[in-house]
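Take a look at the structure below.
There are 2 protein chains.
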Amino acid sequence: MTETSPPASSGQTRAPNIRDVAREAGVSYQTVSRVINGSPSIRDATRQKVLEAIDELGYRPNQAARALVTSRSRVIGVLLSDARSYGPSSTLQSIEEAARAKGYFVSTATIGLPDLPSIRSALDHLIRQNVDGLVVIAPQTRVFDVIQQLSPELPLVTLEASGRLDGHTIAIDQEQGARLATRHLIELGHTEIEHLAGPQDWIEAQTRMDGFLAEIRDNDLGTRPPILGDWTADFGYYAGTQMLGRLDFTAVFAANDQMALGLVHAFRDAGLDVPGDVSVVGFDDVPGARHFWPPLTTIRQRYELLGARCVDMLLGEIEGDEQRYHERIGAELVVRGSTAAPPPHDPERAFRRFG
Amino acid sequence: MTETSPPASSGQTRAPNIRDVAREAGVSYQTVSRVINGSPSIRDATRQKVLEAIDELGYRPNQAARALVTSRSRVIGVLLSDARSYGPSSTLQSIEEAARAKGYFVSTATIGLPDLPSIRSALDHLIRQNVDGLVVIAPQTRVFDVIQQLSPELPLVTLEASGRLDGHTIAIDQEQGARLATRHLIELGHTEIEHLAGPQDWIEAQTRMDGFLAEIRDNDLGTRPPILGDWTADFGYYAGTQMLGRLDFTAVFAANDQMALGLVHAFRDAGLDVPGDVSVVGFDDVPGARHFWPPLTTIRQRYELLGARCVDMLLGEIEGDEQRYHERIGAELVVRGSTAAPPPHDPERAFRRFG
DNA sequence: CCACTGGATGTGACCGTACACATCCGGCCG
DNA sequence: CGGCCGGATGTGTACGGTCACATCCAGTGG
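So the sequence lines, in the order shown, correspond to chains A and B. This note's numbering numbers the first residue of the first sequence as 1 and each following residue consecutively. This note's numbering numbers the first residue of the second sequence as 356 and each following residue consecutively.
This is the structure we're talking about:
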């Protein structure tokens, strides 16, 4: 070995660590650590020196080292059943923004198929990462069974109202929203109202249906069994074509905007006028809903609020807040062009042929 | 100290580590490490013992410790400008699925406002987390300047076609898609075609516009300046009302489905028939586009493919693959009800009043 | 004047893993 | 039969922080 010069900073120079900063600032590494973590007992002059050294060296605390010793990763896991739809993706974004503001990272996992192995795999992936807490936007009921089994201690916030769970829960008030939609139709004079519900392993689909049924009952109208759909516009269209066979209703409350869209499409294809012949209400207020034809009456949800509250709650739980509570965010009715008073009574209506 | 009994497993028992597994299996911790990392020189019998011990204790390797010593976090950062729209959120989901399949985690950061501080803050957040690589779905051109400045070495895949960048790039072929849309209109017999473009700090908006202009030029049609929009349906509606003043066109190619939706709304409000009087093409094929009225002719993108390829490419780069290359995924024309042959020539048309 | 107090700072140990290197052992060849 | 080789396994060390505890020092009251 003929090399005599000190190890030249050739190419890949190691990132500065806390001791480099300490040396630069002329203090001990512990003092640097205190500055980083905002300890109160540091003299201003010292803090200043350290901050300058940090800036000088471009120092960034190593998250891995930190996580190793504190056994806190500062990562929040978000379990999604579908990241593409408007609701979940809006919520995810607002969670991410809120978490970042608090210095937390957000890691996502999507459940592909709604079967047990997929749920387990997604959840396992998050747990492997040592997430500090979990937000569940995958409102299939069985998800919670898997969580209970796989990691019952993990701080958890679920975004759907479910009475079955004792964890923290926050939700847009789906039931109230569904009641608003239904009441709107009733107030317009409708008495024969159908409900096109979402898949029943989704808690929010259940809750919207519950709200619908409750409002119907409260107004002493006859109940009719809801149609169970799958959230897609394609299903809405299909359901619409089927419903034309027995035209014994004057309004439909669809559990989301997509299904409402397909429904309207089917009705129009059959020569029915919306809202002249049939009124339709959706749920979500997706962007563009006001430009549908006709502009869709629907229920608007406040996703920004949802994410922020949700993170607050989860961080509270992570930091050992033991109280369990539920919280609800109100939904709002947006009246547009797809609803109107029912057509004048026509006893033949149900027997006429459309299409 | 009067305590003589061994530390009882009272309440919060520490998670098992690699040495616990080693003890259980009767081997050294290094052997356990080898099994975990799939080293070839392990006897099957030994491997079996270790795997059983892992299973027995419910052992999970500690990511933080691993990241600390390898200086690899196994986290991929995704920088999004907007997680709510259909395109980005679909891409995000497919990236997440592909990454998970390879054992990587995905952490997201959304850029709030498109100003420099916001971009910097989002990027900084990801870098703090020691992400191994970065996927950028925020196609504003200025984002790349910030990346260059903040962390020029970070493996990077960008999802938009930009000639300015020497990093790996993958993209749905926006230009080809735009050409498909434009050619479709030309083949139907249209010669007076408008383009409602996206905001020009989005690379994909630029590329779609380039494709449109190129196709117009190739067919020796007269160019007209595109209208610059902001992606929203509201803007589409507004643009539509403006365009009605000078009805000197028979078709519009909108840079996304949302704007197309608003456009159609405005035309219909004014008493124009789509496609009878004006043809409209969108871009994206959002869910529901086939149930718009009229069902929207548009360009479909293959997001699933995009995410998978993107992760492949990024992991290649992370593992030291130096070749820089671009890749394109073809887009596809979906013909529905919003396009038709132009109306018979009518010299008065531009002067008639609609609305 | 000295022990005491409490704020500011420094020292040692440890978190759980992977890497480099050392060791062990059986079989093979000269 | 001994040395050598290579596959299988074990041992020391470093990664970059934080925590518990030790130390130092100035101000204070008895």
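Glycine residues also receive a C-beta, built at the ideal position from the N, C-alpha and C atoms.
In DSSP terms, what residue i is bridged to
{"i": "leucine 583 of chain B", "result": "B/Ala552"}
{"i": "valine 135 of chain A", "result": "A/Val78 and A/Val157"}
{"i": "phenylalanine 638 of chain B", "result": "According to DSSP, which records beta bridges pairwise, phenylalanine 638 of chain B is partnered with nothing at all."}
{"i": "phenylalanine 590 of chain B", "result": "Beta-bridge pairing links phenylalanine 590 of chain B to no other residue."}
{"i": "valine 252 of chain A", "result": "A/Glu194 and A/Val280"}
{"i": "valine 690 of chain B", "result": "Answer is none; valine 690 of chain B lacks a bridge partner."}
{"i": "alanine 15 of chain A", "result": "Answer is none; alanine 15 of chain A lacks a bridge partner."}
{"i": "phenylalanine 567 of chain B", "result": "Answer is none; phenylalanine 567 of chain B lacks a bridge partner."}
{"i": "alanine 109 of chain A", "result": "A/Leu79"}
{"i": "alanine 171 of chain A", "result": "A/Arg328"}
{"i": "glutamine 258 of chain A", "result": "DSSP output for glutamine 258 of chain A lists no bridge partner at all."}
{"i": "glutamine 140 of chain A", "result": "A/Trp202"}
Neighbour-count burial assignment, residue i, 16 or more Cβ in a 10 Å radius
{"i": "serine 41 of chain A", "result": "exposed"}
{"i": "aspartate 145 of chain A", "result": "exposed"}
{"i": "threonine 297 of chain A", "result": "buried"}
{"i": "methionine 356 of chain B", "result": "Reliability fails at methionine 356 of chain B, whose pLDDT of 31 lies under 50, so the model's placement of it is uncertain and the value that follows must be treated cautiously. Answer is exposed; the Cβ neighbour count stays below 16."}
{"i": "aspartate 573 of chain B", "result": "exposed"}
{"i": "aspartate 575 of chain B", "result": "exposed"}
{"i": "asparagine 37 of chain A", "result": "exposed"}
{"i": "threonine 694 of chain B", "result": "buried"}
{"i": "leucine 540 of chain B", "result": "buried"}
{"i": "leucine 423 of chain B", "result": "buried"}
{"i": "glycine 87 of chain A", "result": "buried"}
{"i": "threonine 13 of chain A", "result": "exposed"}
{"i": "leucine 134 of chain A", "result": "buried"}
{"i": "glycine 566 of chain B", "result": "buried"}
{"i": "glycine 553 of chain B", "result": "buried"}
{"i": "arginine 427 of chain B", "result": "exposed"}
{"i": "arginine 100 of chain A", "result": "buried"}
{"i": "proline 630 of chain B", "result": "buried"}
{"i": "threonine 70 of chain A", "result": "exposed"}
{"i": "glutamate 285 of chain A", "result": "According to the sequence displayed, residue 285 of chain A carries aspartate and not glutamate. Aspartate 285 of chain A should be labelled buried."}
{"i": "glutamine 200 of chain A", "result": "exposed"}
Inter-residue Cα distance where the pair is residue i and residue j
{"i": "aspartate 612 of chain B", "j": "alanine 588 of chain B", "result": "8 Å"}
{"i": "threonine 108 of chain A", "j": "glycine 432 of chain B", "result": "11 Å"}
{"i": "aspartate 596 of chain B", "j": "valine 636 of chain B", "result": "According to the sequence shown, residue 596 of chain B is threonine rather than aspartate. Going from the Cα of threonine 596 of chain B to the Cα of valine 636 of chain B covers about 17 Å."}
{"i": "leucine 514 of chain B", "j": "glycine 307 of chain A", "result": "27 Å"}
{"i": "isoleucine 684 of chain B", "j": "alanine 83 of chain A", "result": "22 Å"}
{"i": "arginine 336 of chain A", "j": "histidine 125 of chain A", "result": "43 Å"}
{"i": "proline 510 of chain B", "j": "tyrosine 459 of chain B", "result": "14 Å"}
{"i": "glycine 11 of chain A", "j": "arginine 483 of chain B", "result": "Only weak support exists for where glycine 11 of chain A lies, its pLDDT of 42 falling under 50; the value from the coordinates is given anyway. Each residue's alpha carbon lies about 22 Å from the other."}
{"i": "glutamate 379 of chain B", "j": "tyrosine 414 of chain B", "result": "11 Å"}
{"i": "alanine 255 of chain A", "j": "tryptophan 648 of chain B", "result": "20 Å"}
{"i": "aspartate 701 of chain B", "j": "valine 633 of chain B", "result": "13 Å"}
{"i": "leucine 314 of chain A", "j": "aspartate 230 of chain A", "result": "30 Å"}
{"i": "alanine 686 of chain B", "j": "alanine 377 of chain B", "result": "53 Å"}
{"i": "valine 607 of chain B", "j": "histidine 291 of chain A", "result": "17 Å"}
{"i": "arginine 208 of chain A", "j": "proline 114 of chain A", "result": "20 Å"}
{"i": "leucine 543 of chain B", "j": "glutamate 659 of chain B", "result": "31 Å"}
{"i": "arginine 374 of chain B", "j": "serine 388 of chain B", "result": "10 Å"}
{"i": "isoleucine 466 of chain B", "j": "tyrosine 384 of chain B", "result": "44 Å"}
{"i": "isoleucine 147 of chain A", "j": "threonine 605 of chain B", "result": "57 Å"}
{"i": "alanine 615 of chain B", "j": "threonine 446 of chain B", "result": "22 Å"}
{"i": "glycine 577 of chain B", "j": "proline 295 of chain A", "result": "36 Å"}
{"i": "serine 436 of chain B", "j": "isoleucine 450 of chain B", "result": "16 Å"}
{"i": "serine 39 of chain A", "j": "threonine 31 of chain A", "result": "9 Å"}
{"i": "phenylalanine 267 of chain A", "j": "leucine 116 of chain A", "result": "37 Å"}
{"i": "arginine 579 of chain B", "j": "isoleucine 654 of chain B", "result": "22 Å"}
{"i": "valine 671 of chain B", "j": "lysine 457 of chain B", "result": "For the sequence presented, residue 671 of chain B should be read as glycine rather than valine. Each residue's alpha carbon lies about 12 Å from the other."}
{"i": "alanine 171 of chain A", "j": "glycine 288 of chain A", "result": "24 Å"}
{"i": "methionine 243 of chain A", "j": "glycine 262 of chain A", "result": "12 Å"}
{"i": "histidine 550 of chain B", "j": "glutamate 559 of chain B", "result": "14 Å"}
{"i": "alanine 270 of chain A", "j": "glycine 236 of chain A", "result": "14 Å"}
Report yes or no: do three or more beta-carbon pairs, one from the stretch 41–51 of chain A and one from the stretch 400–409 of chain B, lie closer than 8 Å? The stretch 41–51 of chain A and the stretch 400–409 of chain B do not touch, with fewer than 3 CB-CB distances between them shorter than 8 Å.
Could you name each continuous alpha helix (DSSP H) segment of 4 residues or more that falls completely within the stretch 264–315 of chain A, going from the start of the chain to the end? As far as the stretch 264–315 of chain A is concerned, it has no whole alpha helix (DSSP H) run of at least 4 residues.
Give a yes or no on contact between the stretch 531–538 of chain B and the stretch 462–477 of chain B, applying the rule of three or more CB pairs nearer than 8 Å. Too few Cβ pairs lie closer than 8 Å, so no.
Ignoring anything shorter than 3 residues or poking outside the stretch 18–98 of chain A, list the beta strand (DSSP E) runs there in chain order. 75–80, all fully within the stretch 18–98 of chain A.
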